[in-house]
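Student:
In the UniProt record's numbering, the protein residues as written are 1 to 432.
1) Any contact of the stretch 81 to 90 with the stretch 114 to 131, i.e. 3+ C-beta pairs under 8 Å?
2) Taking only three categories from DSSP, how would you classify residue 56?
3) Is the CB-CB distance between residue 398 and residue 317 below 8 Å?
4) By Cβ distance below 8 Å, which residues in the same chain neighbour residue 77 in space, the five residues on each side in sequence not counted?
5) So, with DSSP's three-state summary, where would you put residue 408?
6) Please report the distance separating the alpha-carbon of residue 252 from that of residue 302.
7) According to DSSP, simplified to helix, strand and coil, what is residue 32?
8) Would you check if there are 3 or more beta carbon pairs closer than 8 Å linking the stretch 336 to 346 to the stretch 254 to 272?
9) Can you tell me whether residue 284 is helix, strand or coil according to DSSP?
10) What first and last residue would you give for the alpha helix (DSSP H) that runs through residue 344?
11) So, at 8 Å on beta carbons, what are the nonlocal neighbours of residue 449 in its own chain, with the 5 sequence-adjacent residues on each side left out?
12) I'd like to know if the stretch 216 to 233 and the stretch 317 to 326 are in contact, where contact means that at least 3 CB-CB pairs between them fall below 8 Å.
13) Buried or exposed: which applies to residue 162, given that a residue is buried once 16 or more other Cβ atoms fall within 10 Å of its Cβ?
14) Could you check which residue in 9, 242, 358 and 115 has the C-alpha nearest to that of residue 402?
15) Quick one, which of 385, 342 and 314 has its alpha-carbon nearest residue 356's?
16) On a CA-only basis, which of 238, 240 and 154 is nearest residue 75? Give me that one, please.
17) Exposed or buried, what is residue 369 when buried is set at 16 or more other beta-carbons lying within 10 Å of its beta-carbon?
18) Check whether the Cβ atoms of residue 105 and residue 71 lie closer than 8 Å to each other.
19) With a Cβ-Cβ cutoff of 8 Å, do residue 16 and residue 309 count as a contact?
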């Protein structure tokens, strides 16, 4: 690598770091956003857990007065932190909820006990006070149907134990034990680990897209500043290869994009850790899920992400040469990575087997789809889509570099403006 190219790369990197718009918006902002989201989501998760654990204050209107209704009341009182007040005569449940401090009101209908004894359907009416349309409120009220379901299960076990006294009542509730094992890519995993990976599949879409959006905005801002401050014209008059100017901008934006990606990963780790630490669960599942990714898979994903990023950086720089300022450059660059969302959203919902060989290879040809394809194909032991995706993205990067070098070698780069081409067309349409 020549000294002039190294000097240009150093210049581009330092200039982007010195610009507060680039440094704050592209490097500092992702970290702060994830830390803020992690703090807020962690607090919200903690409050949801507290609301669920705080128990319910229930008003029970017992119109039956039989043994089964008394057993139900006693069963509800056995739950920790739950408060149960009994009304033996009919009271308007709506009035209790509106004027009292109850979370729910249960009306045990007449003949509740006799219906259970004779194997008929026993009726309970439930009224729940919805004070807020929030996840915390919904999680708290969802515990009431679980309580009634547990009581019903207890009744069934009691009836079975009475009919079959030779059975162990403890084993009756767990007569069948299901041990689930998933076979993925020829390796065995627990289903909880696979489900954890499926649940977190949105991160497989969100993380690369955020990296691409940060990188393209960074590259576009660099070129937009050059066009806005007229420094590109001075740079192109220097006795250096113009292709080196393009390459230095790509490499400089790539270096800062890596810094932004590291910052984003730090913020993302803080975000996940904030939620997990508040619930006290999930840490083991996450470590098991990460163990599913072999070193070869991690290398493939990392290399695919870097290769995709290089292609998008070069494409966004080439597009932003048609802009007059930073705002126009960022607007143009935003269209460079939006089509990339297609394979990520597609592969989040469907499998390679549903696409068939031709369909899977066609998706692998889409630019910048390599990171997600590397994860999905490697877990399934299918190497052909990964190879096709790597080769095609290398080819795309080579084509965009060649086209960019030819564009930078010409003189039209200094005078080309997208607005100049659009303006006359729009005016002619208005004149008609």
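Ideal placement from N, C-alpha and C gives every residue a C-beta, glycine not left out.
Since we're looking at a predicted model, the values are computed, not measured.
Tutor: Answer, in terms of the structure:
1) no
2) coil
3) no
4) 84
5) The answer is helix: DSSP assigns residue 408 an H, G or I state.
6) 19 Å
7) helix
8) no
9) Any answer about residue 284 is weak, because its pLDDT of 47 lies below 50 and its placement is not dependable; what the coordinates show is given next. In this structure, DSSP gives residue 284 a helical state, which the three-state scheme calls helix.
10) 341 to 349
11) Outside the displayed span of the chain (1 to 432) sits residue 449, for which this structure offers no information.
12) yes
13) exposed
14) 242
15) 385
16) The residue among 238, 240 and 154 with its C-alpha nearest the C-alpha of residue 75 is 154.
17) Looking at its Cβ environment, which holds 16 or more other Cβ atoms inside 10 Å, residue 369 is buried.
18) no
19) no
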